[in-house]
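Residue numbers (the numbering used here): 1 to 122.
The C-beta atom is built at its ideal place from N, Cα and C for all residues, glycine as well.
The structure displayed is predicted, hence computed values, not measured ones.
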Amino acid sequence: MITPTPKIRTAALLCAISFLNLSILALGGEMKNADGTKQNRVEIKDFAFNPQTITVKSGEKVTWINRDEEPHTIVSVEKQFKKSGPLDTDQEFTVTAGAPGTYTYFCSVHPRMTGTIIVKKS
Ligand SMILES: [Cu+2]
């Protein structure tokens with residue numbers, strides 16, 4: 001006789017695996033949006049951008065989120081993208097990656113905080 005137990009077990013296992021994936025990816029870097037497009041996230045924590053260098057494709061979005069209690073900003077060194085206002089705790093800022101190239105940025109409140117976006121051809 002066949003019981004439905006193995007199926008349920010598989011479903012529970014798959015569920016656990018996707019949950020695990022999600023928690024690893026949620027730390028920063030690449031994530032998928034609900035519609036399947038790539039989500040590029042940079043977390044600001046302990047006065048640092050994490051990941052410090054992120055590689056994206058032209059046309060993709062990059063989102064920063066401030067996890068510190070201090071306000072931070074995102075300012076392109078060469079003014080290659082619009083600068084953010086001061087981000088409060090848990091506030092986000094998003095830009096769309098333009099032409100391929102290397103974009104460096106810093107926090108105007110704490111200029112030692114720097115990061116890099118590498119934009120590849122899409
Ligand atoms: Cu800052």
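Give me the Cα-Cα distance between residue i and residue j, rounded to the nearest whole angstrom.
i      : j      : result
Pro100 : Lys120 : 5 angstroms
Glu69  : Val42  : 16 angstroms
Gln39  : Val56  : 9 angstroms
Gln151 : Lys61  : Residue coverage of the chain in this structure runs from 1 to 122, which leaves residue 151 outside it and unanswerable.
Thr104 : Thr73  : 13 angstroms
Leu20  : Lys32  : At Leu20 the pLDDT is 46, less than 50, meaning the model places this residue with poor confidence and gives no usable figure here.
Phe106 : Ser122 : 25 angstroms
Lys127 : Val95  : There is no way to answer for residue 127, as the model of the chain reaches only from 1 to 122.
Glu92  : Val75  : 14 angstroms
Asn66  : Thr53  : 16 angstroms
Gly59  : Gly98  : 6 angstroms
Following the continuous beta strand (DSSP E) through residue i, name the residue where it begins and the one where it ends.
i      : result
Gly115 : Thr114 to Lys120
Gly101 : Gly101 to Phe106
Thr89  : Neither: Thr89 is in no beta strand (DSSP E) and is coded neither H nor E.
So with Cβ pairs under 8 angstroms, would you call residue i a contact of chain B?
i     : result
Ile65 : Structure shown: chain B not included; a single protein chain is present.
How about the segment 81-90 and the segment 47-59: do they share at least three Cβ pairs that are nearer than 8 angstroms? no
To test your reading of the DSSP string, which unbroken beta strand (DSSP E) runs of 3 or more residues are found completely within the segment 35-83? 38-45, 48-50, 53-57 and 61-66
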